[in-house]
Amino acid sequence: MAKKSISELRAKYSNSERRFLEGPRSRRREFIFSFKVLYEFLKGFRALHFVGPCVTVFGSARFKEEHFYYQEAMKMGAEISKIGFTVMTGGGPGIMEAANRGAFEANGRSVGCNIVLPHEQSENPYVQKSVEFRYFFVRKTLLLKYSYAFVIMPGGWGTMDELFEALTLIQTGKMEEFPVIIFGKEYWKNLIDLINDMIEKGTVSPDDLRHLLITDSIDESIEHLKKYSIEKFSLKHRKRVKAMSWLGELIKWKR
Numbered sequence: 005m006a007k008k009s010i011s012e013l014r015a016k017y018s019n020s021e022r023r024f025l026e027g028p029r030s031r032r033r034e035f036i037f038s039f040k041v042l043y044e045f046l047k048g049f050r051a052l053h054f055v056g057p058c059v060t061v062f063g064s065a066r067f068k069e070e071h072f073y074y075q076e077a078m079k080m081g082a083e084i085s086k087i088g089f090t091v092m093t094g095g096g097p098g099i100m101e102a103a104n105r106g107a108f109e110a111n112g113r114s115v116g117c118n119i120v121l122p123h124e125q126s127e128n129p130y131v132q133k134s135v136e137f138r139y140f141f142v143r144k145t146l147l148l149k150y151s152y153a154f155v156i157m158p159g160g161w162g163t164m165d166e167l168f169e170a171l172t173l174i175q176t177g178k179m180e181e182f183p184v185i186i187f188g189k190e191y192w193k194n195l196i197d198l199i200n201d202m203i204e205k206g207t208v209s210p211d212d213l214r215h216l217l218i219t220d221s222i223d224e225s226i227e228h229l230k231k232y233s234i235e236k237f238s239l240k241h242r243k244r245v246k247a248m249s250w251l252g253e254l255i256k257w258k259r
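Under the numbering used here, think of the first position of the sequence shown as 5, with each following residue one higher.
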């Protein structure tokens, strides 16, 4: 029997999650799916347990190298790595590639959590440690779990989803008050107006945005990370978790 092509496998994985979200299925199928999800989490735990502390950079997969925001994301990735963080992204092209590339070229650490999609997404070449996921909700959880801050570069629906997921978890106390940085005032202008309108109408409290920074400055972003991540969580004095080779946990960083 011929091996399935990469595109066929990607379509199969996407269909699996889509079928799950269609509604109730047989108990057997739901039981099997639960174990697939558990496996995804365990795979992610083993791959990412030793890479931090991280800052996750979110943004569009569609910006090309010559685009202004690609270049800014490269600079952001480099500066984040210089203050001791591992740069984590979704592992794909565009802004994700740029942030990983910035960290990589600055001799920092660069990690990617790639999602299997039938189109658009493929692992960028600047990721030193990578883990691939079938399920968006598993991937998104792990992108949040290992980070002490989140940088939101210009992007589309997926980027907005990740932004509001982080803000909601912080607002509800399900996650520590890690800093969230929205980069690109002009790009996010309408969204910023909407957030201010929510505050005015009382659906969002100003206190919910205590550590939200909206900026066009990489330097200001880095100072924000130093104050509300490194200093607040005493990261300078926190030792990295060491892998145990006898458990098969040896981490190799690609160069």
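Every residue gets a Cβ at the ideal spot worked out from N, C-alpha and C, and that includes glycine.
Sub-8 Å separation of residue i and residue j beta-carbons
| i | j | result |
| --- | --- | --- |
| Pro57 | Tyr130 | no |
| Phe187 | Ser225 | yes |
| Val91 | Met157 | no |
| Asn111 | Ser134 | no |
| Gly98 | Tyr74 | yes |
| Ala107 | Ala77 | no |
| Phe54 | Val208 | no |
| Val41 | Tyr150 | no |
Counterpart residues of residue i in DSSP-defined beta bridges
| i | result |
| --- | --- |
| Gly116 | Thr93, Ser134 |
| Thr60 | Met92, Phe154 |
Reduced DSSP category for residue i - H, G, I as helix; E, B as strand; rest coil
| i | result |
| --- | --- |
| Asn145 | First, the residue type needs correcting, since residue 145 is Thr and not Asn in the sequence shown. The answer is helix: DSSP assigns Thr145 an H, G or I state. |
| Phe54 | coil |
| Tyr152 | strand |
| Val41 | helix |
| Leu171 | helix |
| Leu216 | strand |
| Gly162 | helix |
| Arg242 | coil |
| Pro210 | helix |
| Ser20 | helix |
Sequence-distant residues of the same chain with beta carbon closer than 7 Å to residue i, five excluded per side
| i | result |
| --- | --- |
| Ala170 | Leu148, Phe154, Val184 |
Where the alpha helix (DSSP H) through residue i begins and ends
| i | result |
| --- | --- |
| Phe72 | 72–86 |
| Phe187 | Run containing Phe187: none in the alpha helix (DSSP H); it sits in the beta strand (DSSP E), 184–187. |
| Ile199 | 193–205 |
| Leu25 | Looking at the DSSP string, Leu25 is not in any alpha helix (DSSP H), and its letter there is neither H nor E. |
| Ile99 | 99–109 |
| Ile234 | From DSSP, Ile234 is part of no alpha helix (DSSP H); its letter is neither H nor E. |
| Leu229 | 222–229 |
Near the ligand ZN: residue i beta-carbon under 7 Å from a heavy atom
| i | result |
| --- | --- |
| Ile199 | As presented, the structure is devoid of all ligands, the ligand ZN included, so that no description of it is given. |
Cutoff 6 Å; reference residue i; Cβ partners in own chain excluding five residues on either side
| i | result |
| --- | --- |
| Met202 | Val208 |
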